[in-house]
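Converting from the sequence shown to this note's numbering requires adding 29 to each position, the first position being numbered 1.
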Amino acid sequence: MYNKKLADLLFPNVTKTPEEVDAEFPLRGLPEGAVVSRMAPSPTGFVHLGNLVQGLTSERMTHQSGGVLFLRVEDTDAKREVPGAVETLIESLAHYNIVFDEGATIDGDNGAFGPYRQRQRKDIYHVFAKHLVAEGMAYPCFCTEEELEEIHKAQEAEKANFGYFGKWAKWRGRSIENIEEMLGKGMPWVLRFRSEGSIENKIKFTDLIKGNLELTENDIDHVLLKSDGIPTYHFAHAVDDHLMRTTHVVRGDEWLPTLPFHLQLFRALGYKPPKYLHIGPLMKMDGTSKRKLSKRKDPELALTYYKAEGYPVEAVYEYIMTILNSNYEDWRRANPYAPTSEFKFSYKKMNPAGSLFDVAKLRDVSKNVISLMSAEQVYDYVSAWALEYDPDFAKVFTKDPDFSKAILSIGRGGKKPRKDIAVWSEVKAYVSFFFDEYFRIEDSYPEASDKADIKAALEAFCESFDTNDDMNAWFDKIKAIADSLGYASDMKAYKNDPTAFRGSVADVSMFLRVAVTGRLNSPDMYSVMQLLGAEKIKQRIADICSSL
Ligand code: GLU
């Protein structure tokens, strides 16, 4: 009687029953084994690698099994919400090709299990909250902040565990009159769970990533509804994942400590909990020890970092797959061009302790990914990136698209493509010498080089250069210049007796390279010269000769 009366007192306007609400959410009717999972981020404006790791895991598991992936916006903490965060979130995930079958979208909801924004589901939670009160499994608590602080201090003094439980749970056994009086005065209240657990007891649980776990039971009367009637994450996720027919919850392992409470909640609601996959943290090496990536210390935790640096989405995706599934790299080596969707992702290959995230490794992966792209693709990506992050460069780079694409074609295709671009922001430096706007002598000639020889070689080259020469004819001319100046044209002969020569054809090539590209290292010189054309080459050679 007491419980029923209390439930009506607290939720006078709630008339529906959990069964009625449940019936409003259809069963999904998916084939056996189809995974239904979700991304359930909070719209804080900060989208991080952890979101991506969790999202990709859910995405692969659902889509690989013919299931459903949906997006639920967990906006119950209004204080942490940043305007525009939902849009940022949806756009960032779309940027990484995480496609949702249903859920929150920028234009509203899509799907039969909505609303997909938790604040809009308040009435639903209240039905379940009222039910828990009526069943004696929840009660109102009128403690003020100050009172809670006092409890905390008293616990500190007694060296007791912290939290609202046992004798500290002041409102656990109050009379209806007492509660009615407080309500009559309009005092704010939260709804608390009445935990029957004890820290003396252990529960056994199998997490799909962490394996068999033994966890301590929960004895805390956690908050289910805050004083504004909005639920806490714990309560909302239990109600939602049941109603939305989630089969697998993939989330960070920071939720593991509250899992016993979540399991209690499902039991109290009378629902079977979903399967859980708790992902270990992303870590990095800091000196010789590992530590968790931190929002404060590591810019690479934010997804915006990768976009601004110009990592292709494919590369980030590729790298995340390598850290998520230990057999991915081998698969990729055997299938260099296959779409990732053909890889058989398995949560069983995930490391329970978390993954080491290494930007250097990501760069290598990215170089590889970019080396397999066509010049056309790279051009499109670089132009789009530059337009947003380096508009001056965008202007120069897109002035003559064919010219830029031809630059990007050097060393591309074939069995061993060049791997010198890791991020789009490096492309400017890579191509700059092709454009008069940026060309300058960046590397000077080594001290040991003889200036008169350099001049003589460059002048001879200018006289003989003909853009119609094929690569062999072009190189024969350089060899002839080498011979004429006492530099070995035959590298073997030079290696046998370096003292017999002033240097080798490699030195003569270097004289040319610095004059024409301004650098000691550059892509294939023949291709570079073909693209630059006789006029530019001669001009650059004349300029450097006059400075020697
Ligand atoms: N809103 C929770 C978070 O952002 C989601 C955890 C979950 O996926 O259940 O951490």
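Note that CB positions come from ideal geometry on N, CA and C, so glycine has one too.
query                                                                                                                 : result
Any non-hydrogen atom of the ligand SAH within 7 Å of R280 CB                                                         : The ligand content of the structure shown is limited to the ligand GLU, which means the ligand SAH is not among them.
Test item: CB-CB of P47 and H160 under 8 Å                                                                            : yes
Residues of its chain near S473, where Cβ-Cβ distance is below 8 Å and the 5 sequence neighbours each way are ignored : V543
S71 CB to nearest heavy atom of the ligand GLU below 7 Å                                                              : yes
Reduced DSSP category for N364 - H, G, I as helix; E, B as strand; rest coil                                          : coil
A141: first and last residue of the uninterrupted beta strand (DSSP E) it sits in                                     : Run containing A141: none; DSSP gives neither H nor E here.
Coil, strand or helix - M211 by DSSP                                                                                  : helix
W453: CB within 7 Å of a non-hydrogen atom of the ligand GLU                                                          : no
Where Y346 sits in the DSSP three-state scheme                                                                        : helix
Which residues DSSP lists as bridging I308, in chain order                                                            : G281
Distance between N230 and L244 (C-alpha atoms, nearest Å)                                                             : 9 Å
For Y459, the first and last residue of its enclosing alpha helix (DSSP H)                                            : V456 to V460
3-residue-minimum beta strand (DSSP E) runs that sit fully inside the segment 49-116, ordered along the chain         : 65-68 and 97-100
C-alpha distance - F432 paired with E405, whole-angstrom precision                                                    : 11 Å
Three-state secondary structure assigned by DSSP to L244                                                              : strand
For E343, the nearest candidate out of N356, L560, L322 and P365 (CA to CA)                                           : P365
Simplified DSSP assignment, three categories, for S384                                                                : strand
Secondary structure of P552, DSSP reduced to three states                                                             : coil
Inter-residue spacing [alpha-carbon to alpha-carbon] between Q568 and I399                                            : 33 Å
Y145 CB to nearest heavy atom of the ligand GLU below 7 Å                                                             : no
Reduced DSSP secondary structure (H/G/I, E/B, other) of F222                                                          : strand
For A167: DSSP bridge partner residues                                                                                : F222
Status (buried if at least 16 other CB within 10 Å, exposed otherwise) for S383                                       : Reading off the sequence, residue 383 comes out as Gly, not Ser. Buried, by the Cβ-count rule.
CB contact flag (P341, S395, <8 Å)                                                                                    : yes
G258 and K151 closer than 8 Å at C-beta                                                                               : yes
Cβ-heavy atom distance, W218 to the ligand GLU, below 7 Å                                                             : no
With 16 other Cβ atoms within 10 Å as the buried cut-off, status of L35                                               : buried
Spatial distance of H271 from S438 (CA atoms)                                                                         : 53 Å
Straight-line Cα distance separating Y262 from G202                                                                   : 25 Å
Separation of N380 from I232, as counted between CA atoms                                                             : 23 Å
Sequence-distant residues of the same chain with beta carbon closer than 7 Å to I510, five excluded per side          : A486, A489, F490 and V537
In chain order, each beta strand (DSSP E) run of at least 3 residues that lies wholly inside the segment 414-493      : none
Local conformation of Y193 per DSSP, three classes                                                                    : coil
Contact test: H266 Cβ vs the ligand GLU heavy atom, cutoff 7 Å                                                        : yes
Contact test: E103 Cβ vs the ligand GLU heavy atom, cutoff 7 Å                                                        : yes
Span separating the alpha-carbon of E49 from that of P55                                                              : 12 Å
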